[in-house]
Each structure stands twice: as C-alpha cells, then as structure tokens.
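Structure first, then comments.
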Amino acid sequence: MAGSNPNAKPMNLTLKVWRQKNRVSEGGIVDYKVKDISPDMSFLEMLDVLNEDLLRQGQEPVAFDHDCREGICGSCNLFINGRAHGPEQGTTTCQLHMRKFSDGDTITIEPWRAAAFPINKDLSVDRSAFDRIIQAGGYVSINTGGTPDANEIPIPKDIADRAFEAATCIGCGACVAACKNASAMLFVSAKVSQLALLPQGHVERKTRVENMVAQMDLEGFGACTNIGSCAAECPVGISLENIAILNQEFLSAKATSNNLA
Amino acid sequence: MSWISKTLTSSIGRKIVMATTGLFLCSFLVVHLLINLQLLRHDGGASFNFWAEFMGTNPVIRFMEIVLMLGFAVHIYQGLALAYHNKKARGAQGYVVNHSEQNSQWSSRNMALLGTLLLIFLIIHLMNFWVRSRFDAFGGLAMVKVPNMDHPVGDLYSVAAASFKIPWYVALYAVAQIALGYHLWHGFRSGFQTLGLKHPKYTPAVYYTGYAFSVVISVLFALVPIVMFFDDQYQPRPATGQTVEQSLTEEPAVLR
Amino acid sequence: MVLDSKLPEGPIAEKWEKHKFNVKLVNPSNKRKYDIIVVGTGLAGASAAASLAELGYNVKAFTYHDSPRRAHSIAAQGGINAAKNYQNDGDSIYRLFYDTVKGGDYRSREANVYRLAQVSVNIIDQCVAQGVPFAREYGGLLANRSFGGAQVSRTFYARGQTGQQLLLGAYSALSRQVAYGKVKLYTRSEMLDLVTVDGQARGIITRNLLTGEIEQHAAHAVVLATGGYGNVFFLSTNAMYCNATAAWRAHKKGAYFANPCFTQIHPTCIPVSGDYQSKLTLMSESLRNDGRVWVPATKETAERLRKGEIDVNDIQEDDRDYFLERKYPAFGNLVPRDVASRNAKQMCDEGKGVGSTGLAVYLDFADVIKRTSAEAVSQKYGNLFDMYAKITGENPYERPMRIYPAVHYTMGGLWVDYNLQTTVKGLYATGECNFSDHGANRLGASALMQGLADGYFVIPYTIGDYLASTPPKPVTTEDPAFAEATAAVQARVQQMMSINGTRTPDDFHKKLGNLMWEYCGMSRNAEGLRFAKQEIAKLRQEFWSDLKLAGTETEMNQALEKAGRVADFLELGELMVDDALDRNESCGGHFREEYQTPEGEALRNDDDYAYVAAWEYMGDNQPEKLNKEELTFENVKLTQRSYK
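Top line first, the protein sequences correspond to chains A, U and C.
Residue numbers 381 to 641, in the working numbering, belong to the letters of the first sequence in order.
Residue numbers 111 to 366, in the working numbering, belong to the letters of the second sequence in order.
Residue numbers 866 to 1509, in the working numbering, belong to the letters of the third sequence in order.
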C-alpha cells in the first residue's frame, strides 16, 4: 500500500524495452533489470529510475514521451505487456502504478505501432497525423470577437454532456495503437460528434466530416472494422457510439453535400 | 475520380459497402435456411425439390440471384481489400507482445480469416450443388416428379442426401457453420454500427438479435447435414445412382 | 531605465476603451507584411497565435511538445471566472476586479486587473462559439459554480477538465489558421535564445528536439507565452517539461523579471511517497468543504503510525489534533490556501506528519460519510476519490486521505507594461509567463481567464501599436545578431555535452528543488534565504563541472533538454531568493517569518513594499539590479486579511 505503509516490498523487475536509434534505423528489444522498485511508483517513475541508472553508466536513456503525468495531456504512450497504456482499464501510462505488478515480473515495453505513427526514437512516436486531421476541419470557423452572447443558444443538458464526453479525448493515440487495423476512427469520431452534437458545429457539419475523413485516409490509418479494442483501451472512455455518429455524418454528408470532388 | 467512387473507396465508404452487402447476405441466409429445412421433411425430398425448382426458375429469383452474386463478389472483394489496407496501416513491424484478447472478441479480430474460410467452403458448396444443378456439364440432376408441379424437376434432394452420408463432407459443413456463426456474431451488429444505427434504446436489441441470429442460423444450417447423416430415412433416390463422392471425382453420368 | 507601465489616463472603467482607440492600427493590407513569433501553444499562446493570424499577420508558433494540444493549460481542473452575472447574484466587472486585486494581496496593477475583468465576459462568448462544451443547466443555459475568494458564483466549468476544454478550443482555432497557411507550426522546437537587433526583439533561436538542429527564426515581434517556473522546485503540480528557459533567456537579453518570489502553494495535493517522486498531483480545493484536516496530537503517536505499529483508524478522537479548526475557529478547514498550507507544514515540522515520509496530514471524510452516506460523498467527489485511490492505492472512503501542499503556480514573471510588452521592444509576454494580474496570490479559476484574455483580447490590439511604428520591410536572419546568438547557443550545448562528469540533470534539479522548497517555499526567513543563495551558487558551479550526459547533441536527447532547463533554473532560483530577501514583508504567497502578526498571520507593509520588483540582468555573475514600479491604488482600499 501507499506511502502510509512502510511494509510495501520493493520489487526487482526485468524490462524488455524497444530501443531504436531513429526513424530509419532497425530497432529491437533490449533487456534491462531494475531493482528496488517501490509499488507506489508510477510506471514512468520506474522508467525514470532506469534512465538515471543508464545515464550514470554513460548509456543513453530510453526516450519516451510524457509530460503532465496526471493523465490529461495525452503525451505518454507506452504499449505495456501487449496492452496500450498497460493492464489497467481507463488509465494512461503515467497513472499506472507499479503496485499492479509483482516482484520478479518481466515487463515488455513497446512504442505505439502504426504506419501513420513513425517512431522518432525508442518509445517516442510521431503523432502529428492527429494534428493534421484536426487541421482538416476539427474546428468551428469563427474568428476572435463578434461572437454572440454565450447564453444566446440554449443547449439541452444531455446534448452538452454528450458533446463533453466526446470532447474529453486526450489525443494519446491508444485507439490507433490497440486497433488491429491501426484505425484512427475513434479519435476522428470524438471530434466530429462533439461538433455535430453542438449547434455551433452545425454550419460546417458536412464539409468537416468529409475533410477530416479524407485526411485520416491520407495519413494511412486503417479502416474501422468495429472490433472495439479502441474504446476498450481508451484511457478516458470515449465510446464507440461516436464512431456510429461519424459513420452517419459521413454518409449523410456524402449523400447531400454539394461537394462533387 | 467522381464523388461516388471517392466515397466508396474511402475508409468509411468501404465499410458501408461491407455492411450493406453483409446485411443483404444475411437475408439470403434466412431464405436458404428455410429451404434447407425442407430437406428434413419426411417426404422423400418432394418439398425441397419443389422449392429448389422454384428458386431455379422463378424470374424474380433468377434476377435476385444475380444481385446475390454481385453481393457476394463485392463483399468478398471489399473484405480482402480492407484486410490488405488495414494490414498495411498496421505497419511493417508488429508488436512483440500483444494481448488483444484482453480488449476485444476473437471473432471481431478475425473476420478476414473467418471470411476466407467461408469463401473456401462456399466454392466447394457451390461446386457440388449450385454448379451441378445449373450446368449439366458439371453433373446435372436426375428428374423426378413432385406434387403441385406438372413437369418433372431436378432431384437436388438426392444430391444432398448422398452428400451428407460422407463423413468428411458433413464435418466440413459443420466446421463451416462454426465459422459462419462467428462471422455473423460480429458481422450482424457491426453492420448496424457501420451504418450509424446506434441508439441506447435499440442497440442492445440489435446486439441480442445479432447473437441469436448467428447462433440459430449456424446451428440449424449445421443440423441439416448432421441429421441426414445419422438418420437412415434420408437416402438418395437410387435413380440418381451417383454419390457426391463420385460426382466430385468422376466424370458425371448423364441420367435423364 | 525608468519603468513606464503606459497606463492610460482616465477613470478605471474607461481606460481600456480609450487605450484601444488611441493605439496605432496596422492597415489590413499591411498586416500580411508582418511576421510574429509566438512561443508556447498553451491557452495564452494558442489564443494569441490564432487571433493574430485571423487579423492577417504571419505567425510562426513554437512548441516543444509533439502537438500544441499537450501544453500544461490542459491540466487545469476547476474553471474559468467571468463577470457575466448570469446567476443574478450581484456579480459585476467591478466586483471581479475588486476580488482579484484583494485576492492578490494588493500587489497587482489595478488597470490591468480591471481590463481582465472587462474582457472576461468576451472569453466565455468566444469559447462557447468555438464549441467548448461548458457545463449547462437543464434549461440549456450555462452553469456556474462558486470558488475560493469570491462570494458570487462566476466560475464556468466543464466538469473537472475546464483547462482541457478551453485549450482544445484554442488549439482548434490555431489548427484552423495552420490549415489556412497563416500560422506555421513548429512542434518539438524549443526556444533557446532571443535575438535582439538594436534593442528590438527580432527573432529566436530554437533547437529541433528530434534532430538537434539549431535553427534561426526572424520576425517583427516575438510573443512569449511559455508559462510559469514552478518547476524550479523540482516537485510541483506543473508538467515535467514546464520550464523557465524561454523567459530566462529573454531576461538575460534585457527583459526585466518581476516579483520572482511570488509562488503559490496549493494545500490539497497528494503527498510525496518517496525519493523517486517526479511530480505532484493536485486535488480540487473543494475537498476542504467536507473533509476535516488533522494530525496525531503527539509526536509519539505520529511516529508509531509512520512505523506501521498502529493504524490510522485506531487513533482515538482525543489523540487527534484538528489543527485548523483549533487555530481558526471561524473559518476552520476553509481558511485560504496559504494559511492552510503553512499550518500543514508547521505540523510536519513539529514531527506530527503522517505517511511513511512524515510529510502529510490527514483529510478525513469519516464524519461526512457518517452524517450523510458514502454514496452522497461519492456523488460530490467521486472522481477525486478515484484519482486518489489510483495514485495511492488507498481507499479514501475507508481511510482518511493524506494531503500535503505543493507548488502549483507562479505569479511572478516577465515584467510587462499595459500593452503586455516587456522591457525589450517588440517582445511581449502573455499568460503565466508575465507577472501582471495576480499580484502576490492568484485566485482559483483566474489563470485560465488571464491566459485567454491576454491571447484573444489584449495582444491583438496592443501589438499593432508597436508594429505600426516598425517599417513593414521583411526581417531576415542575416543580421549578425542571429549568427552570434546561434553560436552562443551551440557553445552552451557543446559545453554541457563535454563536461562528462558524474551527476545527472535530475540529480541537480532535485537538489535545487529541495533548497528552494526548504528555504524559499511556503515560509521564508532572511537567514535561510541567505544560506540558500550560497548553496544555489555552489550547486550551479557543480553543475557546470560535474554534469553527466550521454548520446549526442545531433539527435533526440531528452537528458540534454533537461540539462539546459536545469541550468536556467539554477540561475532563476537565485533571483527568487534575492527577491524574497528584498521583500521585507509577508504578502500572498510570500510569507516571511520575520513579518507576521502576533497570531502568526501575514503582515503586509504597504508603505515600503507596494511596488513591483522588476529585476534587471546585469551580466554573468553580477548581482541583478532592482527596479521598482510603484503601485498606486485609486479604486481599492487596502485592508488586512483575517480568518480567525
């Protein structure tokens, strides 16, 4: 148990970590031992311990992305023992704690794998494809200033709540990592349905979904086959319902928009 | 590219094609099963042969047969294309350790595999029944009289009865129906999801209907050959004189 | 140099309107001839970059993250204040202004705060129009909650993720401008120096964090929106990458650094569990509405508890000290952040702390669970209880939570005038990066408000005033100043790579953090500060002689990135100590033990210290020069706070 429990036994672990010098070089699994890991450590703090050890020995630390360590920024992205963000449901890598593991465990740590997420180095991948998808239409085209009063358009609470649920996506990419098809549909659908649900998003509803899906395909993500791994591994619980909404939006946009291209 | 082809080749478009063809094929399965169940009537195949003749001659059905063919072709082609694209999207290097069984159902992840198994089965099945009933060059059928019909009809019943006395053939059918069951287990509800038909009120019903549908369809399909295998009542008419085994291996003897 | 805050004339309510009329404008067809660099893509940076691009300027936006959406604004939980008065409870622009100045313990600039309160209402309109899903009532209108330091409900929120929703709104506006080609986005690019030509900001030097390449970028103006420097303390609620490098580099190029000692400590954070701890997690202040704070009444009991000889639930009522209720009968557990924090520290210093480290106090919900039910408590605080359980592995429904204060915001920052311009012409600072609006203490739900106010509604007007006086001819990186700055950056990187000592960047950072926390943290005294100053200087020397790095500088090298940030923290830390030493009073987040009332409360000295301390860099290893901007209060009456 936590800091209050002085009897928490430190653990010794074997780590199998994917190391890869850069985008073009070959990578492979390298074994490391870490000792005296407290069960109260977060998973990333355990990696900090490894990295400090490596650095002191003059070896290159393992590169991985992380920042807020509160589960909200979406930076951390490790594939741990065959699961996106590790074994605990609804948890980002940074919120995963070592008490979920046992002394003597072997832990395999890999980067997200998808053609659209090339590896930068070791466990760090390039997720800029997500940014480009948002740039393709994940916004309401209004400039600063000149907006109507915030209470001008009442929005039913359940609609606002559903839009919020969709909007909580942290853009970590676990959906792509977990999906057999490396599909980004859960990510795309979260934004599309957020803005499709809200009246502010209605004006550009058709072009938005057309452009975002086109960009998603262009980036080389796979197609959704409704497996459901994405939602199961999503650390913030984005629901598959959003993908259904995306499909609907796409179908009706394609059928009715004036876009002939 | 026109907007139509662009739509149909987009990731969601492909899925929509899969969903519509898939759900259409489900409706075909129901019709096929109903006719198959006629085999189990103790009427020496009269009902079955009657409906077989109907299906083979009715102009509407004949037209739908073409639609069905197209449905199959598109479903198969699109399925393979999807599998190829999705494999590519995954990237060259796979995970060293992957426990996807902890986040999804086996059937959902293996639709392409199941589909391929079904395709192999489909080819064998068509060769034995459909091709032979349509093209005399591939076996043809003996002619029998059935009630309510003023002319003799092809005796497809005997082909079935003969076929289902062959252990490996029955086993193949049973195994194929397991694959079908799993394919439908995912495919039915997946079709609705792809078409965007999701609602907290109705989606649970869609799920349960899908699960029930896949179990009922596959079990009943499998039951027909198994019952016919074990029950001596179901025998091919001697007039046909040719077993399926022969028909698969020997030149067909034309009997009229 | 005399600090000119460029405050407009006239009554406070008219200053901003008048100023907007008086500032020079850039004509629309000329706007596209100006390039603006915006560093940082959090609330302040993304909103500024998007708004400036919408006006027609060419914007280059920089972030060291892989995406603008990762900025730490995303982690803000509580909400954003705005004087909408939707609740009909007597709120007004003036009241928000008043509360903010008072909450800041009268060390902020009245005119800036008033403007902040004025534009707060526009922010909410803007965000709703962007599709930010704020919480709503059943009637479909926006919901509000109340927050510390205010008697009205003016806080707009999106569950416990308001920062995330606002940042994603600003990020979407930014993304739209990227798509239009008006913003060029540079991700994984860290600003390592500011380039000035003839005293004007003309560009920045960055390091590409993937390739290690040192790059030059020129522009007509530079906006820094690079956040706060709470990570000087090593442990804080800031994100791991949060750093002061951009602001500090600008400081060394002539931008004054204001009130660096003003740091805010938040009382309800999850305590440190061991030396490996990398950061601290905040839990909403609202927990103190129902939780009771206590420690064991005696050192001995506390010690047995820490050793695991007894269990917390074995401690009888008589052996517990509900110290906030005991010392502050009127406010009890609801005393302000600084008071609650200081008292918790005091208990731990006396040896009564709990947890294996002894650096925690209990926040107990047993009473409220008994009074109502576990379900009722779960409905109110469920997500916080879950978060606590995830991090600590303990069930807060059965055992009291352990909490401890942690650094989470820095009110100090680059000195800016009313236009948000620093003392370097053409260099602007927005959001937490500047010092302007929160005085010595920030009220809850005001950080989001300020970041967005600066970015959406202030900088778009004020930057034009400067640009209009700058010729619209292209700026390039050909000026020798760029080559010089690049060479300096390269030399510094090389130097760090070549020390080849024995200690890691984190090692130095932890040492610095301990010093700062111990001597320049929740409470400070002259003796401790003087000691810390010496120790920091020593540590800095050790850093430059014993640093250990690996790999090369021409690739992704996170240890090298960290080393550069720590090097700057080691300089900034000393300035914070200097500032704390200079300020012989207690105010807001700055508590000097020598200056307290007989009851142990903060004792402000308005006669001698009602000024902004703006520090001027005088060269390496030279003491910095203190410049004072006297604060005048024409609208708010200065009073002493009391919570007895």
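Idealized CB from N, CA, C, for every residue including glycine.
By how many angstroms is the C-alpha of residue j removed from the C-alpha of residue i?
{"i": "L1332(C)", "j": "D1411(C)", "result": "45 Å"}
{"i": "G1484(C)", "j": "Y1121(C)", "result": "13 Å"}
{"i": "R1307(C)", "j": "R1202(C)", "result": "10 Å"}
{"i": "V367(U)", "j": "V993(C)", "result": "Outside the displayed span of chain U (111 to 366) sits residue 367(U), for which this structure offers no information."}
{"i": "Q1142(C)", "j": "P1370(C)", "result": "15 Å"}
{"i": "G154(U)", "j": "V254(U)", "result": "11 Å"}
{"i": "S912(C)", "j": "F927(C)", "result": "13 Å"}
{"i": "K1117(C)", "j": "E621(A)", "result": "53 Å"}
{"i": "T1254(C)", "j": "P1261(C)", "result": "As written in the sequence, residue 1254(C) is Ala, which differs from the Thr given in the question. Rounded to whole angstroms, A1254(C) to P1261(C) spans 7 Å at the Cα level."}
{"i": "K1448(C)", "j": "Y1384(C)", "result": "Checking the sequence shown, residue 1448(C) turns out to be Arg, not Lys. For R1448(C) and Y1384(C), the distance between alpha carbons rounds to 15 Å."}
{"i": "G462(A)", "j": "C555(A)", "result": "14 Å"}
{"i": "E1489(C)", "j": "K1245(C)", "result": "49 Å"}
{"i": "F1434(C)", "j": "I1364(C)", "result": "19 Å"}
{"i": "L1514(C)", "j": "S1138(C)", "result": "An answer regarding residue 1514(C) cannot be provided, because it is not within the stretch 866 to 1509 covered by chain C."}
{"i": "E468(A)", "j": "I171(U)", "result": "54 Å"}
{"i": "G1258(C)", "j": "F1127(C)", "result": "34 Å"}
{"i": "Y1187(C)", "j": "P1161(C)", "result": "9 Å"}
{"i": "R1157(C)", "j": "V1177(C)", "result": "14 Å"}
{"i": "R1053(C)", "j": "Y929(C)", "result": "4 Å"}
Any beta carbon from chain A within less than 8 Å of residue i's own beta carbon?
{"i": "G166(U)", "result": "no"}
{"i": "G201(U)", "result": "yes"}
{"i": "R219(U)", "result": "yes"}
{"i": "T350(U)", "result": "Here the model assigns T350(U) a pLDDT of 45, short of 50, so the residue's position is not dependable, and the following value carries that caveat. Closer than 8 Å: no."}
{"i": "A1428(C)", "result": "no"}
Helix, strand or coil for residue i per DSSP?
{"i": "F158(U)", "result": "helix"}
{"i": "E1297(C)", "result": "helix"}
{"i": "E440(A)", "result": "coil"}
{"i": "V888(C)", "result": "coil"}
{"i": "N987(C)", "result": "helix"}
{"i": "N1492(C)", "result": "strand"}
{"i": "Q1461(C)", "result": "strand"}
{"i": "K880(C)", "result": "helix"}
{"i": "C1535(C)", "result": "As shown, chain C starts at 866 and ends at 1509. That puts residue 1535(C) outside it, with no answer to give."}
{"i": "T359(U)", "result": "Since pLDDT at T359(U) reaches only 45, below the 50 mark, its modelled position is unreliable, and no value is offered."}
{"i": "E1481(C)", "result": "strand"}
{"i": "A516(A)", "result": "coil"}
Taking 8 Å as the CB-CB cut-off, is residue i touching chain C?
{"i": "M565(A)", "result": "no"}
{"i": "S455(A)", "result": "yes"}
{"i": "G497(A)", "result": "Residue identity differs from the one stated: residue 497(A) is Phe in this sequence, not Gly. With 8 Å as the cut-off, F497(A) does not count as an interface residue toward chain C."}
Checking contacts by CB at 8 Å: is residue i closer than that to chain U?
{"i": "F601(A)", "result": "yes"}
{"i": "M596(A)", "result": "yes"}
| Would the segment 198-214 of chain U and the segment 602-620 of chain A be scored as touching if the rule is three or more Cβ pairs under 8 Å? | Counting Cβ pairs under 8 Å, three or more are found: they touch.
| field | the segment 246-258 of chain U in contact with the segment 318-331 of chain U per 3-pair CB rule at 8 Å | value | no
| Inter-stretch contact at 8 Å, needing at least 3 Cβ pairs: the segment 230-244 of chain U / the segment 143-152 of chain U | no
| query | Does the segment 296-314 of chain U touch the segment 591-608 of chain A, meaning 3 or more C-beta pairs lie closer than 8 Å? | reply | yes
| task | Kindly confirm or deny that the segment 1077-1087 of chain C and the segment 885-902 of chain C touch, where touching means at least three C-beta pairs closer than 8 Å. | result | yes
| request: Would you list, in sequence order, the uninterrupted alpha helix (DSSP H) runs of no fewer than 4 residues that lie entirely inside the segment 1106-1169 of chain C? | output: 1110-1117
| query | Would the segment 1414-1421 of chain C and the segment 1435-1449 of chain C be scored as touching if the rule is three or more Cβ pairs under 8 Å? | reply | The segment 1414-1421 of chain C, when compared against the segment 1435-1449 of chain C, does not touch it at the 8 Å Cβ threshold.
| request: Examine the Cβ distances between the segment 286-293 of chain U and the segment 217-234 of chain U and report whether three or more of them are shorter than 8 Å. | output: Cβ pair count under 8 Å is three or more, so yes.
| request: Ignoring anything shorter than 4 residues or poking outside the segment 524-594 of chain A, list the alpha helix (DSSP H) runs there in chain order. | output: 537-547, 554-558, 565-577
| request: Write down every uninterrupted run of the alpha helix (DSSP H) in the segment 1236-1303 of chain C whose length is 4 residues or greater and which is fully enclosed by it, in chain order. | output: 1239-1257
| task | Indicate whether the contact test is met: 3 or more Cβ pairs, each with one atom in the segment 584-595 of chain A and one in the segment 540-549 of chain A, closer than 8 Å. | result | no
| query | So, do the segment 949-964 of chain C and the segment 1321-1330 of chain C have three or more beta carbon pairs nearer to each other than 8 Å? | reply | Between the segment 949-964 of chain C and the segment 1321-1330 of chain C, the count of C-beta pairs closer than 8 Å stays below three; the two stretches do not touch.
| query | Between the segment 524-539 of chain A and the segment 481-499 of chain A, are three or more C-beta pairs nearer than 8 Å? | reply | Judged by Cβ distances under 8 Å, the segment 524-539 of chain A makes no contact with the segment 481-499 of chain A, as fewer than three pairs qualify.
| request: Would you be able to state if there are at least three C-beta pairs under 8 Å between the segment 467-481 of chain A and the segment 444-453 of chain A? | output: yes
| Segment contact, 8 Å Cβ cut-off, at least three pairs: the segment 903-911 of chain C with the segment 1033-1040 of chain C | yes
| message | Could you check whether the segment 978-989 of chain C touches the segment 1309-1321 of chain C, counting it as contact only if at least three pairs of C-beta atoms, one from each stretch, sit closer than 8 Å? | response | yes
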